[in-house]
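Asker: Numbering (the working numbering), first residue to last: 939 to 1292.
Just so you know, even glycine gets a beta-carbon here, dropped at the ideal spot from N, CA and C.
The following block contains the structure, expressed as structure tokens.
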Amino acid sequence: MLKAKIVLISALVSCALVSGCKDDKKSSVAIEFMHSSVEQERQAVIAKLIERFEKENPGICVKQVPVEEDAYNTKVITLARSGSLPEVIETSHDYAKVMDKESLIDRKAVAQVINGVGEGAFYDGVLRIVRTEDGSAWTGVPVSAWIGGIWYRKDVLAKAGLEEPKDWQQLLNVAQKLNNPGSKKYGIALPTAESVLTEQSFSQFALSNQANVFDAQGKITLDTPEMAQALQYYRQLAMNTMPGSNDIMEVKDAFMNGTAPMAIYSTYILPAVIKEGDPKKCWLYGTDGKKFRCLRHADVADHNRRSKNRRDRSGREICHLYGAGRQHCGLGHDVARGGATSQQSGGEYFDVER
């Protein structure tokens, strides 16, 4: 069974609110929607969704709270202690369980949304992973998902006479042969910064090598031959990437501008590939048992424990974002979660608990 560490969404306490509310809406009920789409183009899409939602729901004002990933744990704790968590929070399904154990999630409101949309609108796999441990409730409403893996340019590999990589060794061989630092060309765009993306990327190799931080009994198993092997491999692979500290933008830009014909990234890259490149020339693999396994992630929308008035309106917003149970209404696709929304991922969700 696949076990993976999933990205968390950060909440900045002092961040400015991008509001869809105007001065003439002072009498309306205001709810906050915290999400991880800090990029301007993604916020613009969400702003359009909010504008449409507010037109359909007079008297409800939605404020965006765009947030970063890496400071999430500390910020959520701070917000919870101050009683200022937003009414609706986009977060990973694993962290939703942490919030649930801290009694930060309104289970009743979540159930009302899922039942209102209809359980049949969701794939069984994604509903299973948002179930509480006792199976009596849900920890969030699934709204989007993404898949992470190794992207490569088929045309570049073909021109170099290289076969498309199917396992660890083939990937390393291709990266080494295409690596040419003197010409500022690199074999693979690999995250090396101290960041969530690096953790996710390394996790694909560690998990495909049966290396995990904990065993089934919850004991630490970090110091194992499997983990050492995965670390050594990632170090070798990183010798064929760009110098310096590489994170989300560096990896994406290197792949898109041709600096590197391969990259470890998620389906967030698809809009750029479709808009700026030729999607027929790109391919995706994931790492699996010395072959490739994709890292799957599901985002959920959660209710904070606020007043019933705000809870009911928050539920309406989540239903709107989900798209009346048929499609994710653009939030997953248009803000670059595209290619892996809940409607497109099939039922192949794995339990991703650690």
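Please report how far the alpha carbon of L1116 lies from the alpha carbon of A1176, in whole angstroms.
Answerer: 13 Å
Asker: Contact between the segment 1076 to 1095 and the segment 1148 to 1159 is defined here as three or more beta-carbon pairs at a separation below 8 Å; is this criterion met?
Answerer: Touching, no.
Asker: If you run the structure through DSSP and keep just helix, strand and coil, what is T1016?
Answerer: helix
Asker: Between M1180 and E1188, which are expected to be in contact by the criterion C-beta below 8 Å, what is the C-beta distance as a whole number of angstroms?
Answerer: 6 Å
Asker: For the beta strand (DSSP E) containing T1136, list its first residue and its last residue.
Answerer: From DSSP, T1136 is part of no beta strand (DSSP E) but of the alpha helix (DSSP H) over V1134 to S1146.
Asker: Look at the Cβ atom of V1005, then the Cβ atom of I969, and state whether they are nearer than 8 Å.
Answerer: no
Asker: Can you say whether R980 is buried or exposed, counting buried as having 16 or more other CB atoms within 10 angstroms of its CB?
Answerer: Its Cβ being crowded by 16 or more others within 10 Å, R980 is buried.
Asker: Quick one: what does DSSP say F1060 is sitting in, helix, strand or coil?
Answerer: coil
Asker: Taking all protein chains shown into account, do 16 or more other C-beta atoms lie within 10 angstroms of the C-beta of L1128, making it buried, or fewer, making it exposed?
Answerer: So L1128 ends up on the buried side.
Asker: Just tell me which of F1152, D1153, A1144 and N1184 has its CA closest to the CA of A1166.
Answerer: Taking only the C-alpha atoms, the option nearest A1166 is A1144.
Asker: So, are the CB atoms of I998 and V1048 less than 8 Å apart?
Answerer: no
Asker: Per the DSSP calculation, G1196 is bridged to which residue(s)?
Answerer: G1196 pairs with nothing; no bridge assigned.
Asker: Please state the DSSP three-state secondary structure of A1098.
Answerer: coil
Asker: Tell me where the alpha helix (DSSP H) around P1209 begins and ends.
Answerer: Note, P1209: alpha helix (DSSP H), L1208 to E1214.
Asker: Any contact of the segment 1072 to 1085 with the segment 1040 to 1059, i.e. 3+ C-beta pairs under 8 Å?
Answerer: yes
Asker: In terms of alpha-carbon separation, which member of D1185, D1153 and A1083 lies closest to F1060?
Answerer: A1083
Asker: Based on Cα-Cα distance, which residue from F991, A1009, G1120 and G1125 lies nearest to V1112?
Answerer: G1125
Asker: With respect to 7 Å, is the separation between the Cβ of S1183 and the closest non-hydrogen atom of the ligand GTP below this value?
Answerer: The ligand GTP is absent from the structure shown, which contains no ligands of any kind.
Asker: Between which two residues does the beta strand (DSSP E) containing K986 stretch?
Answerer: Segment Q978 to E994 is the alpha helix (DSSP H) holding K986; no beta strand (DSSP E) there.
Asker: Is the beta carbon of H973 closer than 8 Å to that of I984?
Answerer: yes
Asker: Along the chain, where does the alpha helix (DSSP H) containing P1163 start, and where does it finish?
Answerer: Looking at the DSSP string, the run of the alpha helix (DSSP H) that includes P1163 is P1163 to A1176.
Asker: Determine the DSSP secondary structure at N1117, reduced to helix, strand or coil.
Answerer: coil
Asker: Tell me the DSSP secondary structure of Y1124 in three-state form.
Answerer: coil
Asker: Using CA atoms only, rank isn't needed, just tell me which of Q1002, D1185 and P1103 is closest to V976.
Answerer: Q1002
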